[in-house]
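Taking it in order: structure first as structure tokens, then the write-up.
Number of protein chains: 4
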Amino acid sequence: MPITMARPADTRTRIETAALRLFVEKGVDATSVRDIAQAVGIADGALYRHFESKDDLVWTLFETNYVDLARRLDELGRIASGARDRLAAMITGFCRYHDDNPILFRFLLFVQHGQLAKLRPGTANPVDVVHDVLAAALARGELPRQDPALATALVLGIVLQPATFAAYGRLPATLGPQRERLIAAAWAALNATSPGAPR
Amino acid sequence: MPITMARPADTRTRIETAALRLFVEKGVDATSVRDIAQAVGIADGALYRHFESKDDLVWTLFETNYVDLARRLDELGRIASGARDRLAAMITGFCRYHDDNPILFRFLLFVQHGQLAKLRPGTANPVDVVHDVLAAALARGELPRQDPALATALVLGIVLQPATFAAYGRLPATLGPQRERLIAAAWAALNATSPGAPR
Amino acid sequence: MPITMARPADTRTRIETAALRLFVEKGVDATSVRDIAQAVGIADGALYRHFESKDDLVWTLFETNYVDLARRLDELGRIASGARDRLAAMITGFCRYHDDNPILFRFLLFVQHGQLAKLRPGTANPVDVVHDVLAAALARGELPRQDPALATALVLGIVLQPATFAAYGRLPATLGPQRERLIAAAWAALNATSPGAPR
Amino acid sequence: MPITMARPADTRTRIETAALRLFVEKGVDATSVRDIAQAVGIADGALYRHFESKDDLVWTLFETNYVDLARRLDELGRIASGARDRLAAMITGFCRYHDDNPILFRFLLFVQHGQLAKLRPGTANPVDVVHDVLAAALARGELPRQDPALATALVLGIVLQPATFAAYGRLPATLGPQRERLIAAAWAALNATSPGAPR
DNA sequence: GATGAATGAGAATTCATTCAT
DNA sequence: GATGAATGAATTCTCATTCAT
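Chains as they are written, first to last, in the working numbering: chain V, 1 to 199; chain W, 1001 to 1199; chain D, 2001 to 2199; chain Y, 3001 to 3199.
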């Protein structure tokens, strides 16, 4: 890799980076193609050399990275063994993914903008990955009997809400330092039994 | 109440209801004034008899109800005593608010659309209400020592993520039946100590 | 009908008139929505109150009038009896239609712009009307045996090419005065036998 | 001629052929430079090595071939003698020109696209060639007295409308087989006298 | 209060053309 | 000669908002 880089990065990547930032800052609809082009420093029309349409840009950003996140979580869940370790691995994965690129994280998890509905059913999916790990743990009796969907919601909420707080400045910008705390909280939430619950 | 009621509800309310639904279904930007007018069955221009602008409509819907939710939560937190009871009361309040009008709930908590930033600092605010209750409990030593902001995130995540799942059909449409479970989970999460945490 | 007319005509009609003229003058593709709006004296967007799209405008202009011309020719062909009278009636009909509104005539017969392909098969159609009249005359032995399609082409060519010449100023602006000549020419062309033709 | 010929034809010719086809299929305005380049298999910019602009391409295609057709018709009309033979020669020439390259024929006679107006007055021109032949015949009394412009229109209509029908599949793709019929029809049309016409 | 035509400012997108490589 | 990214103007269309009726 050369030490000096004449052009900062290839245009396509620069478009992706700028678009991601603007989408997260203002929302997808409120971000015009011109906004993106100006942020990159090119003319509006130039964007269409790299993406078929604004929709294509949004979809590409979403799909590629959403699947990638799912795949990473899946691997982490697979490597670990035992319910708690798998949970810890996945939460750690979420935190790392967030801290690596908080903007991308927010785009994938919060902005979405109807892209979720476009995913072909069966596509790798972070939510399903968590769900499947928890469902498997439940099947093995590693967790108290409970609705796996609700269990998934609890774990995701415990991870994603701090991410939201980080986005709003209510919490520090990185989730990494809170990793252990989140794992402990998620584990506790999964093992909490409501008064009338079946033992 | 008049004996005869030609129109089912006054136009302003019908606009609010239709707008809320469309905002949640398609997003605020993707909903045009004409969409709303057509859903209500009035002419485009008629909307401006009731709201100064589309922004005013969005803002009114948001501000009124957001403050109202905050006030309700605040009262519930005040009536109860003891950290767990207060937590239970607030989570019950969230569930009721959701089940009463899931569309309004989603609009307030998920659609937002940048309205949050417009709130005058100091305005009653559901997040702050939860935060303040937890901070007070921490001050009284009713909870293990922890960052109150993170504690708030945990509680909100445990409530809001199931609401998201309900919106996507991953969980039943009402949160009420899960109330006890959510309370138990939140309480457990707040009391979980991560391995290296200060006692 | 009032003697004074405050507004020159309703906007929709003015759009149609202006569009027709521009389409014939410059072609459909080379005529922008702005061109039309400026000719009418309204803003671009106002056009969309009256037509769904530029395509809709083109199609409406074409379909309505094309079917109308076909219907008129059909009636004329029905009223007359005997091949020559029917031919005369249709050619007279073409000439009148042209002279009434040469711009509309040119739009329908020359500009077309791919609208022909959009007609549902079976729609009344000037070409088919002429074809059917000639085919019937052939079936009754009122004309020498020949391909009805070619016969149709001869008649249409004898009428439409003078219309083209009128458009380019090679012939006077009205076809009416040439009516008898065109009828005689068409009748002669239909009855001409090529040397080796079957008697 | 080189012994080896790597590419089937030189690029310029391939551009002309592809452009001609696209212009006839979709119209000139609806055909983009990129459409042409893709059809040829070259990059967009490469076209500008061969033609100054899209307009230049259109104009070159039109002017060269229009003049060539005129020249050919002129020669044919010159070689023959007597009005009927000259007419026959020209109609035969039209049919051959059509059947040789129907796409080129349609481009010249139907697509035109305002190129006609760009011709310098006085340029050789198929319509004028026919006109001049007929005017000469009239001057020599070889045809009943009539407007030479209308006579020209009749002859052209009798040739061009069958060509149109061939383009739309209403008649077979080649005009050659109908040559004699068209000549007979044109001759008859030129000699038909309308009832009240001067003898 | 209501209507709906009209406005005018963008929005996304296309496209002929240029130019560094 | 060829490439293809980039330009910048133009195009179709949308939409919040106004206003005469």
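Just so you know, even glycine gets a beta-carbon here, dropped at the ideal spot from N, CA and C.
Where residue i falls: helix, strand or coil (DSSP)
{"i": "H3098/Y", "result": "helix"}
{"i": "A1040/W", "result": "This sequence places Val at residue 1040/W; Ala is not what is there. Note: V1040/W maps to helix in three-state DSSP."}
{"i": "D2074/D", "result": "helix"}
{"i": "P172/V", "result": "coil"}
{"i": "P2177/D", "result": "helix"}
{"i": "F105/V", "result": "helix"}
{"i": "A30/V", "result": "coil"}
{"i": "N2125/D", "result": "coil"}
{"i": "E2052/D", "result": "coil"}
{"i": "L119/V", "result": "coil"}
{"i": "G1992/D", "result": "No information on residue 1992/D is available, as it lies outside the stretch 2001 to 2199 that chain D covers here."}
{"i": "A2185/D", "result": "helix"}
{"i": "A204/V", "result": "As displayed, chain V neither begins before 1 nor continues past 199, which places residue 204/V out of reach and without an answer."}
{"i": "A1192/W", "result": "coil"}
{"i": "G2093/D", "result": "helix"}
{"i": "A2080/D", "result": "coil"}
C-alpha gap between residue i and residue j, whole angstroms
{"i": "L3020/Y", "j": "Q3161/Y", "result": "20 Å"}
{"i": "A2088/D", "j": "A3136/Y", "result": "30 Å"}
{"i": "L104/V", "j": "H98/V", "result": "8 Å"}
{"i": "T1152/W", "j": "K1026/W", "result": "29 Å"}
{"i": "A3192/Y", "j": "I3158/Y", "result": "14 Å"}
{"i": "E3052/Y", "j": "Y48/V", "result": "25 Å"}
{"i": "L175/V", "j": "V3028/Y", "result": "59 Å"}
{"i": "N1101/W", "j": "G1169/W", "result": "16 Å"}
{"i": "Q3146/Y", "j": "L3138/Y", "result": "8 Å"}
{"i": "W1187/W", "j": "L154/V", "result": "12 Å"}
{"i": "A3166/Y", "j": "A1046/W", "result": "57 Å"}
{"i": "F1094/W", "j": "V1024/W", "result": "18 Å"}
{"i": "R2106/D", "j": "F2062/D", "result": "11 Å"}
{"i": "K1118/W", "j": "T1092/W", "result": "28 Å"}
{"i": "A1124/W", "j": "T60/V", "result": "40 Å"}
{"i": "A1083/W", "j": "Y1066/W", "result": "24 Å"}
{"i": "V2033/D", "j": "Q2112/D", "result": "18 Å"}
{"i": "T1017/W", "j": "P2126/D", "result": "53 Å"}
{"i": "G2141/D", "j": "A3163/Y", "result": "27 Å"}
{"i": "V3133/Y", "j": "T3011/Y", "result": "39 Å"}
Residue i, buried or exposed, once every other Cβ within 10 Å from all chains shown has been counted against 16
{"i": "G2077/D", "result": "buried"}
{"i": "P177/V", "result": "exposed"}
{"i": "P1148/W", "result": "buried"}
{"i": "D2055/D", "result": "exposed"}
{"i": "L1116/W", "result": "exposed"}
{"i": "G2114/D", "result": "exposed"}
{"i": "I1015/W", "result": "buried"}
{"i": "A1185/W", "result": "buried"}
{"i": "A2043/D", "result": "exposed"}
{"i": "P3121/Y", "result": "exposed"}
{"i": "I2183/D", "result": "buried"}
{"i": "E173/V", "result": "The sequence given here places Ala at residue 173/V; Glu does not occur at that position. It is exposed - the Cβ of A173/V has fewer than 16 other Cβ atoms within 10 Å."}
{"i": "D1074/W", "result": "buried"}
{"i": "I2079/D", "result": "exposed"}
{"i": "T3013/Y", "result": "exposed"}
{"i": "T1031/W", "result": "buried"}
{"i": "R3071/Y", "result": "exposed"}
Delimiting residues of the alpha helix (DSSP H) encompassing residue i
{"i": "A3018/Y", "result": "3011–3026"}
Ranges of the alpha helix (DSSP H) found wholly within the segment 3127–3170 of chain Y, counting only runs of at least 4: Entirely contained in the segment 3127–3170 of chain Y, the alpha helix (DSSP H) runs reaching 4 residues are, in chain order, 3148–3167.
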